[in-house]
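A.B. asks: Got a structure here, written out as structure tokens. Questions coming.
2 protein chains.
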Amino acid sequence: MGSIERAIEVLKSGGPVLLYDGDEREAEVDMVFPAWVAEPDVIYELRVDAGGLLCFATSSRLTAALGIPWGDELLSSYGELRLLANKRLRYKDRSAFTIWVNHMGVRTGVSDEDRSLTVRKLDEVIKMAHEGDLRGARELFYSEFQAPGHVPILAARSLRERRGHTEMSVTLFKAAGLRPSIVLAEMLSRGRSMSVEEAEKVAEKKGIPLVKGHELLEWCRKNEVCWSD
Amino acid sequence: MGSIERAIEVLKSGGPVLLYDGDEREAEVDMVFPAWVAEPDVIYELRVDAGGLLCFATSSRLTAALGIPWGDELLSSYGELRLLANKRLRYKDRSAFTIWVNHMGVRTGVSDEDRSLTVRKLDEVIKMAHEGDLRGARELFYSEFQAPGHVPILAARSLRERRGHTEMSVTLFKAAGLRPSIVLAEMLSRGRSMSVEEAEKVAEKKGIPLVKGHELLEWCRKNEVCWSD
């Protein structure tokens, strides 16, 4: 079984999978789970074993349908803040950040239990939207969520436009026939991002797949599912 | 020496201090350092030993002077998002979040090195603004920072209006004669926020002060410095 096929099987059974974007981009590895398995222990694993910023990721088609703007658009609409939003870091892509939310049922928003609730309730919103009930999804989102909060929502562009972890993970979920509803965090070592070599050791130790960007792109060249919206 | 006097001494020599808001509020403990000591190892300590969301905190007088809006105001200015921004969690205060930034010198924004750079450069901005060079501070901020990024800026109201960790830490820094330029994160246990009893053990083990909200308020009743802007 190829590495992509193995990652698809693992995600179908609840994850996790490690994703490496590539040497020429962020050169970072993210740990990725389906949002619907995000019990507090999963948040704890992401927080402690990965260590980066815990994010919820979905497709930009669904965030747009929910009325959630890109973070840079939101900032650009507000006077001088456009000066902050018009800049790009060295690897040059536009940021995948939209807004930061809490579910209203949280205590303060930050604990594993609280972020677990926020992520799993976001999954309920995405499930409704993904299944075509946009009206229900919007109602759920605007009535049960609060912002600014502790969980950023990342929105994936198409893999043609951007090849970040957000797009790679949404592509993998699409390839697996799963809704794009993802919780992830960057793998950090002390001081710096974890190298792909270190992440390979973690993947081996945990017995989980590590997918590299170029492998996913090669697989996608043969599989139309990657490119459709 | 009282607990407030001891905390002031420790902050003057670089921190950290633990701050507990109170049973009737978030009932959370934050680990707090001056932003100017935020080398990568300090970010690592906050990320691993505290475990919550790593934030930069300053006074709302300075964020306002820099043209940085409250997060809820920014969201409220953007159509339907006002529905998310008008809600309050159970402990009812308005959120202290403003916007999330990266310094342009970071690699991707999230590693200990990168968040250290963002925090220490934010401290340079606050130092200039605090010393009265608002024009220089604004120029530095809008030319060298990018948003949306990985470090949220929290803005403290006065202790009369709000008694959160942001206000308590800014008050302590003011009491110590230090500029309000702070890096902090919530103390988390597996699954939930760390209790004040557990945090007391951590404080004892590390030999650092733990300040409770009611102690700070009592101290402030005798010390005018807390209430001035």
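Residue numbers (this note's numbering), protein chains in the order written: chain P, 1 to 229; chain Y, 230 to 458. We put the beta carbon where it would ideally sit given N, CA and C, even for glycine. Model, not experiment: these values are computed from the prediction.
#1: If you follow the beta strand (DSSP E) that residue 212(P) is part of, which residue opens it and which one closes it?
#2: Looking only at C-alpha atoms, which of 315(Y), 349(Y) and 358(Y) sits nearest to residue 297(Y)?
#3: Looking at the structure shown, is residue 53(P) part of a helix, part of a strand, or coil, going by DSSP?
#4: Could you give the C-beta distance for residue 380(Y) and residue 283(Y), rounded to a whole number, given that I count them as a contact under 8 Å?
#5: For residue 415(Y), which beta-bridge partners are listed by DSSP?
#6: Could you tell me how far apart the beta carbons of residue 249(Y) and residue 258(Y) are, in whole angstroms, since I believe they sit closer than 8 Å?
#7: Please report the distance separating the alpha-carbon of residue 247(Y) from that of residue 411(Y).
#8: Given residue 225(P), which residues of its chain have a CB within under 8 Å of its CB, disregarding the five upstream and five downstream residues?
#9: Classify residue 352(Y) as buried or exposed, calling it buried when 16 or more other Cβ atoms lie within 10 Å of its own Cβ.
#10: Quick one: which chain Y residues come within Cβ less than 8 Å of residue 112(P)?
#11: Quick one: does residue 60(P) have its CB under 7 Å from some CB of chain Y?
#12: Tell me which residues share the same chain as residue 203(P) and place their Cβ nearer than 8 Å to its Cβ, disregarding the 5 neighbours each side in the sequence.
#13: Does chain Y have any CB closer than 7 Å to the CB of residue 20(P)?
#14: Which runs of the beta strand (DSSP E) spanning at least 3 residues fall entirely within the stretch 354-419 of chain Y, listed in chain order?
#15: Count the other C-beta atoms from every protein chain shown that fall within 10 angstroms of the C-beta of residue 362(Y), then say buried if there are 16 or more, exposed otherwise.
#16: If you follow the alpha helix (DSSP H) that residue 304(Y) is in, where does it begin and where does it stop?
#17: Closest Cβ-Cβ distance between residue 173(Y) and chain P: below 7 Å?
#18: If you draw a straight line from the alpha carbon of residue 144(P) to that of residue 105(P), how long is it in whole angstroms?
#19: Using the three-state DSSP reduction, which class does residue 8(P) fall into: helix, strand or coil?
#20: Does residue 67(P) get closer than 7 Å to chain Y when you measure Cβ to Cβ?
#21: If we count Cβ pairs, one from each stretch, closer than 8 Å, do we get three or more for the stretch 299-306 of chain Y versus the stretch 314-327 of chain Y?
#22: Residue 17(P) lies in the beta strand (DSSP E); which residues open and close that run?
#23: Can you tell me whether DSSP reads residue 43(P) as helix, strand or coil?
#24: Find the nearest neighbour of residue 322(Y) within the set 146(P), 164(P), 200(P) and 35(P), judged by alpha-carbon distance.
#25: Give me the chain Y residues within the contact set of residue 40(P), using Cβ-Cβ distance strictly less than 9 Å, ordered along the chain.
#26: What residues in its chain sit with their C-beta under 8 Å from that of residue 414(Y), if we drop five residues either side in the sequence?
#27: Answer with buried or exposed for residue 219(P), where buried requires no fewer than 16 other C-beta atoms within 10 angstroms of its C-beta.
#28: Can you give the Cα-Cα distance for residue 136(P) and residue 64(P), rounded to whole angstroms?
#29: Give the straight-line distance between the Cα atoms of residue 456(Y) and residue 398(Y), rounded to the nearest whole angstrom.
#30: Would residue 35(P) count as contacting chain Y if we go by Cβ distances under 7 Å?
#31: Please check if any C-beta of chain Y sits within less than 7 Å of the C-beta of residue 95(P).
C.D. replies: With the given structure in hand:
#1: Stepping through the first sequence from its first residue, residue 212(P) is reached at position 212. Annotation for residue 212(P): the continuous beta strand (DSSP E) segment containing it runs 210-212.
#2: Translated into the one-based positions of the second sequence, residue 297(Y) becomes position 68. Selected option, being the one with the closest Cα: 358(Y).
#3: Mapped onto the first sequence, residue 53(P) falls at position 53. In the structure shown, residue 53(P) sits in coil (DSSP, three-state: anything other than H, G, I, E or B).
#4: Looking up residue 380(Y) in the second sequence gives position 151. Looking up residue 283(Y) in the second sequence gives position 54. Sure, about 7 Å apart at Cβ, within 8 Å.
#5: Walking along the second sequence from the start, residue 415(Y) turns up at place 186. 259(Y).
#6: Your numbering for residue 249(Y) matches position 20 in the second sequence. Your numbering for residue 258(Y) matches position 29 in the second sequence. Right, their Cβ atoms sit about 5 Å apart.
#7: The residue you call residue 247(Y) lines up with position 18 of the second sequence. The residue you call residue 411(Y) lines up with position 182 of the second sequence. Those two C-alpha atoms are separated by around 13 Å.
#8: As a first step, residue 225(P) must be located in the first sequence, where it is residue number 225. If the five residues before and after residue 225(P) are omitted, its C-beta is found closer than 8 Å to the C-beta atoms of 174 and 175, all from its own chain and listed in chain order.
#9: Taking the first residue of the second sequence as 1, we reach residue 352(Y) at position 123. Its Cβ being crowded by 16 or more others within 10 Å, residue 352(Y) is buried.
#10: In the first sequence, residue 112(P) corresponds to position 112, counting from 1. Chain Y residues near residue 112(P): 417, 419, 420 and 421.
#11: On the first sequence, residue 60(P) is found 60 positions in, with the first residue counted as 1. It does not; no Cβ of chain Y falls within 7 Å.
#12: Within the first sequence, residue 203(P) is the residue found at index 203, counting from 1. Cβ within range, chain order: 18, 209 and 210.
#13: Your numbering for residue 20(P) matches position 20 in the first sequence. Not closer than 7 Å to any Cβ of chain Y, the Cβ of residue 20(P) fails to qualify, so no.
#14: 374-385 and 411-415
#15: To locate residue 362(Y), count along the second sequence from 1; it is residue 133. Looking at its Cβ environment, which holds fewer than 16 other Cβ atoms inside 10 Å, residue 362(Y) is exposed.
#16: Translated into the one-based positions of the second sequence, residue 304(Y) becomes position 75. Unbroken alpha helix (DSSP H) run through residue 304(Y): 300-305.
#17: Outside the displayed span of chain Y (230 to 458) sits residue 173(Y), for which this structure offers no information.
#18: Walking along the first sequence from the start, residue 144(P) turns up at place 144. Walking along the first sequence from the start, residue 105(P) turns up at place 105. Going from the Cα of residue 144(P) to the Cα of residue 105(P) covers about 8 Å.
#19: Here residue 8(P) corresponds to residue number 8 of the first sequence, with the count starting at 1. In this structure, residue 8(P) counts as helix in the three-state DSSP scheme.
#20: What you label residue 67(P) is simply residue 67 of the first sequence in a count that begins at 1. The Cβ of residue 67(P) sits closer than 7 Å to at least one Cβ of chain Y.
#21: The stretch 299-306 of chain Y, when compared against the stretch 314-327 of chain Y, does touch it at the 8 Å Cβ threshold.
#22: The sequence position of residue 17(P) within the first sequence is 17, counting from 1. For residue 17(P), the enclosing beta strand (DSSP E) starts and ends at 17-20.
#23: Here residue 43(P) corresponds to residue number 43 of the first sequence, with the count starting at 1. Three-state result, residue 43(P): helix.
#24: Locating residue 322(Y) in the second sequence gives position 93, counting from the first residue. It is 146(P).
#25: The residue you call residue 40(P) lines up with position 40 of the first sequence. Going along chain Y in sequence order, the residues near residue 40(P) (Cβ under 9 Å) are 419, 420 and 421.
#26: By 1-based counting over the second sequence, the position of residue 414(Y) is 185. Only 259, 260, 275, 276, 279, 280, 281, 282, 283 and 284 meet the Cβ criterion.
#27: For the purposes of this step, residue 219(P) is taken as the residue at position 219 of the first sequence. Around the Cβ of residue 219(P), a 10 Å sphere holds 16 or more other Cβ atoms; the residue is buried.
#28: The residue you call residue 136(P) lines up with position 136 of the first sequence. The residue you call residue 64(P) lines up with position 64 of the first sequence. Approximately 15 Å, taken between the alpha carbons.
#29: In the second sequence, counting from the first residue as 1, residue 456(Y) sits at position 227. In the second sequence, counting from the first residue as 1, residue 398(Y) sits at position 169. Taking the straight line joining both Cα atoms gives about 13 Å.
#30: Position 35 of the first sequence holds residue 35(P). Taking CB atoms only, residue 35(P) has no neighbour in chain Y less than 7 Å away.
#31: Position 95 of the first sequence, counted from the first residue, corresponds to residue 95(P). Answer yes: the Cβ-Cβ gap between residue 95(P) and chain Y drops below 7 Å somewhere.
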